[in-house]
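Position 414 of the sequence shown, counting from 1, maps to 425 under the working numbering, and the rest follow consecutively.
Every residue, glycine too, gets a C-beta built ideally from N, C-alpha and C.
Okay, so here's the structure we're looking at.
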Amino acid sequence: MFIHILRVSILLTVALVVPTALAQTAAPDVQNKPRKTKSEPDNSFKRWFVDVEPIITSEELKAWNKLQTNEEREQFISEFWHRRDTDTDTDENEYREAYYERVAYANEHFSSGIPGVKSDRGRIFLKYGKPDEIESHPAGGSYERQPSEGGGSTSTYPFERWWYRNLPGRSDVEVEFVDPTGTGEYRIARNPFEKEALLNVPGAGASMDGISQADRVAAANGFGNPFSFRAKDSEFEWMDMLRLRDEAPPVNFDRLVGTGTSSPVIDNDLINSAVQISYFKQSDDRVIVAFTIQTDNRDLVFRDAGGIQSARLNISGRITSVAGRRIGYFEDVVTTTATAEELAEAKERKSAYQKAVPLPPGRYRVDILVRDVESGAASIQHVGFVVPKFGTDLASSSLVLASVGIYMQIYNAGIDQTTLRPSVDVEYALIKDGKEILKTPEDWRGNSAAGQRLTLARLLDSRRLNPGDYSIEVRVRDRVSGQLL
Numbered sequence: 012m013f014i015h016i017l018r019v020s021i022l023l024t025v026a027l028v029v030p031t032a033l034a035q036t037a038a039p040d041v042q043n044k045p046r047k048t049k050s051e052p053d054n055s056f057k058r059w060f061v062d063v064e065p066i067i068t069s070e071e072l073k074a075w076n077k078l079q080t081n082e083e084r085e086q087f088i089s090e091f092w093h094r095r096d097t098d099t100d101t102d103e104n105e106y107r108e109a110y111y112e113r114v115a116y117a118n119e120h121f122s123s124g125i126p127g128v129k130s131d132r133g134r135i136f137l138k139y140g141k142p143d144e145i146e147s148h149p150a151g152g153s154y155e156r157q158p159s160e161g162g163g164s165t166s167t168y169p170f171e172r173w174w175y176r177n178l179p180g181r182s183d184v185e186v187e188f189v190d191p192t193g194t195g196e197y198r199i200a201r202n203p204f205e206k207e208a209l210l211n212v213p214g215a216g217a218s219m220d221g222i223s224q225a226d227r228v229a230a231a232n233g234f235g236n237p238f239s240f241r242a243k244d245s246e247f248e249w250m251d252m253l254r255l256r257d258e259a260p261p262v263n264f265d266r267l268v269g270t271g272t273s274s275p276v277i278d279n280d281l282i283n284s285a286v287q288i289s290y291f292k293q294s295d296d297r298v299i300v301a302f303t304i305q306t307d308n309r310d311l312v313f314r315d316a317g318g319i320q321s322a323r324l325n326i327s328g329r330i331t332s333v334a335g336r337r338i339g340y341f342e343d344v345v346t347t348t349a350t351a352e353e354l355a356e357a358k359e360r361k362s363a364y365q366k367a368v369p370l371p372p373g374r375y376r377v378d379i380l381v382r383d384v385e386s387g388a389a390s391i392q393h394v395g396f397v398v399p400k401f402g403t404d405l406a407s408s409s410l411v412l413a414s415v416g417i418y419m420q421i422y423n424a425g426i427d428q429t430t431l432r433p434s435v436d437v438e439y440a441l442i443k444d445g446k447e448i449l450k451t452p453e454d455w456r457g458n459s460a461a462g463q464r465l466t467l468a469r470l471l472d473s474r475r476l477n478p479g480d481y482s483i484e485v486r487v488r489d490r491v492s493g494q495l496l
């Protein structure tokens, strides 16, 4: 009897289940149908977009907003950086690395209540990199106007003037930032009058061009400088500064990475330059490779800056392996200075720059680009070299020939309470056979001070000296304590 009842129960269950399944097939429940939904981006994607917002193009922004899934966003980000990669032969993306270095720098140096990357200076810096020149007035105060600004003396708010030799589609670009509130939030100026703190003070800060104060106040409400004849002071040029801040740079604009040596465009005006490579053992599998670049000063354009004649060079080098992979990169701005009286003689001399890079033994190539910041004249050198392997046998480093050079540090110098800096007189004397044949005072140009430590680095002109043995005396007098060395 028990078995019979069990069989009936099973048959009833099957009979009830099958019609239900058939009913579901015939009339599907609309609420249970899968729906296509756009997933919200994770926080990491939101942070990524905030980081790249200054450089993402309008077309890329439209594509980003249409993405449905995080997988699509990951693919987009990969392609975003790949399009900007300036050296696809390497595993890393140099543009991305350089860009995030700019992000960190902007947040550290340009923040003022808002993140540095959102400030006007930060946005320009992220898009176009470090300017070729910066004129900074962090405290404002007394200011001698440029001739294009009307001349004369006035007082200003804190301001900075950035100059770029080349930006996308234009050259010789000046961007002025003003901080009228004193909070550190520098904003792009619409005209050269925004920085003037005395603009609305009757009779103060008069210019030398005869323009009335009322006209200058009126001009301060618009763009540009209507009293200047320079093309860069036109209303449209100053308005274009806002476009530079708000628009993304072209994708192929690689100023941030500075890899111009890979496919440089060299001007017809070449700079005579020479490259010397020296090797110094660091460890069994590492060698210090010193690249020395020398240029003729007569090829450089000197510019007057406060009575000092200065020439500036951009020097960059790209080191690659035999397979063409990038191993290293360096870039520096080098300045050569002279007084007006020394200029003629300085142009007959040479300038030298040195960069040391640790490399393992092997074959390499270096492409070195030298460009005059003022004139744009440039030259490039392609040099192959072999880094030696120093074994256990007797060996020597490269022999480096140089002019008479001095490097020394002075410790515990007294601090002048007026300037809050060390106050020290230094004199170099060249001695031969017990007689003083040359005496030169230190002018402190190019030397540095850190607290009570002074660093001396000086070259003595030995061209007029006859071959022989010489000694050098460095005489030091602390003007604060009266101590002598």
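From what residue to what residue does the alpha helix (DSSP H) around Glu103 run? The count along the sequence shown starts at 1 and reaches residue 103 at position 92. Run containing Glu103: none; DSSP gives neither H nor E here.
Tell me Ala363's beta-bridge partners as DSSP assigns them. Reading the sequence shown from its first residue, position 352 is the one you call residue 363. Its beta-bridge partners are Gln305.
Would you call Leu423 buried or exposed, if buried means 16 or more other Cβ atoms sit within 10 Å of its Cβ? For the purposes of this step, residue 423 is identified with residue 412 of the sequence shown, where counting begins at 1. Reading the sequence as shown, one finds Asn at residue 423 and not Leu. Under this definition Asn423 is an exposed residue.
Which residues bound the beta strand (DSSP E) around Arg488? Here the question's residue 488 lines up with position 477 in the sequence shown. Taken as a continuous stretch (DSSP letters only), the beta strand (DSSP E) holding Arg488 covers Ser482 to Asp489.
Endpoints, the beta strand (DSSP E) within which Leu380 is located: For the purposes of this step, residue 380 is taken as residue 369 along the sequence shown, with counting starting at 1. Here the beta strand (DSSP E) through Leu380 covers Gly373 to Asp383.
Ends of the beta strand (DSSP E) at Phe291? Your numbering for residue 291 matches position 280 in the sequence shown. Per DSSP, Phe291 belongs to the beta strand (DSSP E) from Ser284 to Ser294.
What did DSSP end up calling Ser274 once you bin it into helix, strand or coil? Along the sequence shown, read from residue 1 onward, the residue named residue 274 stands at position 263. With a pLDDT of only 39 at Ser274, under 50, the local geometry of the prediction cannot be trusted, and the value read off the model is given with reservation. Residue state, collapsed to three classes: coil.
For Thr192, which of Pro149, Ser390 and Tyr154 has the nearest alpha-carbon? As a first step, residue 192 is located in the sequence shown; it is residue number 181 there, counting from the start. Cα-wise, what sits closest to Thr192 is Pro149.
Following the continuous beta strand (DSSP E) through Lys446, name the residue where it begins and the one where it ends. Position 435 of the sequence shown, counted from the first residue, corresponds to residue 446. Here the beta strand (DSSP E) through Lys446 covers Lys446 to Pro452.
Strictly by DSSP, which residues pair up with Gly328? As a first step, residue 328 is located in the sequence shown; it is residue number 317 there, counting from the start. The partner list for Gly328 (beta bridge, DSSP) reads Phe341 and Ile379.
Can you give me the C-alpha to C-alpha distance between Ala109 and Thr348, rounded to a whole angstrom? In the sequence shown, the residue the question calls residue 109 occupies position 98. In the sequence shown, the residue the question calls residue 348 occupies position 337. Answer to the nearest angstrom: the Cα atoms are 30 angstroms apart.
Please check the pair Arg374 and Ala440, which I expect to be a contact at CB under 8 angstroms, by giving their CB distance rounded to whole angstroms. The residue labelled residue 374 in the question sits at position 363 within the sequence shown. The residue labelled residue 440 in the question sits at position 429 within the sequence shown. That pair is no contact at about 47 angstroms.
Asn76, DSSP secondary structure in three states: Against the sequence shown, residue 76 aligns to sequence position 65. In the structure shown, Asn76 sits in a helix (DSSP, three-state: H, G or I).
Beta carbon of Leu137 nearer than 8 angstroms to that of Ile66: By one-based count along the sequence shown, residue 137 stands at place 126. By one-based count along the sequence shown, residue 66 stands at place 55. Cβ atoms of Leu137 and Ile66: closer than 8 angstroms.
Please list, in chain order, all residues of the same chain as Gly339 whose beta carbon is under 7 angstroms from its beta carbon, the five residues on each side excluded. The sequence position of residue 339 within the sequence shown is 328, counting from 1. So the list reads Ile330 and Val368, once near-sequence residues are dropped.
Rounded to a whole number of angstroms, what is the C-alpha to C-alpha distance between Ser327 and Asp383? What you label residue 327 is simply residue 316 of the sequence shown in a count that begins at 1. What you label residue 383 is simply residue 372 of the sequence shown in a count that begins at 1. Answer to the nearest angstrom: the Cα atoms are 12 angstroms apart.
In the DSSP assignment, the alpha helix (DSSP H) including Gln224 goes from what residue to what residue? The residue labelled residue 224 in the question sits at position 213 within the sequence shown. Note, Gln224: alpha helix (DSSP H), Gln224 to Ala230.
Distance between Phe240 and Asn477 (C-alpha atoms, nearest Å): The residue given as residue 477 occupies position 466 in the sequence shown. The residue given as residue 240 occupies position 229 in the sequence shown. Taking the straight line from one Cα to the other gives about 56 angstroms.
With 16 as the cutoff for other CB atoms within 10 Å, does Leu496 come out buried or exposed? For the purposes of this step, residue 496 is taken as residue 485 along the sequence shown, with counting starting at 1. Exposed.
With distances taken from CA atoms, which of Phe170, Pro169 and Glu155 is nearest Gly163? For the purposes of this step, residue 163 is taken as the residue at position 152 of the sequence shown. The shortest C-alpha separation from Gly163 is found at Glu155.
Any contact between the segment 291-301 and the segment 350-357? By contact I mean 3 or more CB pairs, one from each, below 8 angstroms. no
Under 8 angstroms between C-beta atoms of Lys243 and Glu160: Numbered from 1 along the sequence shown, position 232 holds the residue referred to as residue 243. Numbered from 1 along the sequence shown, position 149 holds the residue referred to as residue 160. Their beta carbons are not under 8 angstroms apart, which means Lys243 does not touch Glu160 by this criterion.
Buried or exposed by the 16-neighbour rule on C-beta atoms within 10 Å, applied to Ser409: Translated into positions along the sequence shown, residue 409 becomes position 398. That one is exposed.
Beta-carbon proximity of Arg256 to Asp131, cut-off 8 angstroms: Position 245 of the sequence shown, counted from the first residue, corresponds to residue 256. Position 120 of the sequence shown, counted from the first residue, corresponds to residue 131. For Arg256 and Asp131, yes; Cβs fall inside 8 angstroms.
Val398 in three-state terms, based on DSSP: For the purposes of this step, residue 398 is taken as the residue at position 387 of the sequence shown. Three-state result, Val398: strand.
Given 8 angstroms as the limit, is there contact between the segment 224-237 and the segment 165-175, that is, 3 or more CB pairs closer than that? no
Can you give the Cα-Cα distance for Gly479 and Gly445, rounded to whole angstroms? Stepping through the sequence shown from its first residue, residue 479 is reached at position 468. Stepping through the sequence shown from its first residue, residue 445 is reached at position 434. The straight-line gap from Cα to Cα measures roughly 13 angstroms.
Quick one, are the C-beta atoms of Asp307 and Lys366 less than 8 angstroms apart? As a working mapping, residue 307 is identified with position 296 in the sequence shown. As a working mapping, residue 366 is identified with position 355 in the sequence shown. No, Cβ-Cβ distance for Asp307 and Lys366 is not below 8 angstroms.
Chain C within 8 angstroms of Val63, Cβ atoms only: You won't find chain C in this structure, because it holds only one protein chain.
Using DSSP with H/G/I as helix, E/B as strand and the rest coil, what is Ala355? For this step, residue 355 is matched to residue 344 along the sequence shown. Residue state, collapsed to three classes: helix.
Report yes if the C-beta distance between Tyr175 and Phe188 is below 8 angstroms; otherwise report no. For the purposes of this step, residue 175 is identified with residue 164 of the sequence shown, where counting begins at 1. For the purposes of this step, residue 188 is identified with residue 177 of the sequence shown, where counting begins at 1. No. Outside cutoff.
Taking C-beta to C-beta, are Val298 and Leu370 nearer than 8 angstroms? Against the sequence shown, residue 298 aligns to sequence position 287. Against the sequence shown, residue 370 aligns to sequence position 359. In this structure, Leu370 lies closer than 8 angstroms to Val298 by Cβ.
Just the Cα atoms here: how many angstroms apart are Leu178 and Arg474? Against the sequence shown, residue 178 aligns to sequence position 167. Against the sequence shown, residue 474 aligns to sequence position 463. Linking Leu178 to Arg474 through their CA atoms gives a straight-line distance of about 43 angstroms.
Out of curiosity, what's the CA-to-CA distance linking Gln494 and Phe313? Working through the sequence shown from its first residue, we reach residue 494 at position 483. Working through the sequence shown from its first residue, we reach residue 313 at position 302. Computed Cα separation, rounded: 39 angstroms.
Within the segment 121-179, ranges of the beta strand (DSSP E) (whole runs, at least 3 residues): Within the segment 121-179, the complete beta strand (DSSP E) runs of at least 3 residues fall at 144-148, 152-155, 164-167 and 170-178.
Sorted by chain position, which residues of the same chain lie with C-beta nearer than 6 angstroms to Gly151's C-beta, five sequence neighbours on each side aside? Here residue 151 refers to the residue found at position 140 when the sequence shown is read from its first residue. So the qualifying residues of the chain are Thr167, Tyr168 and Pro169.
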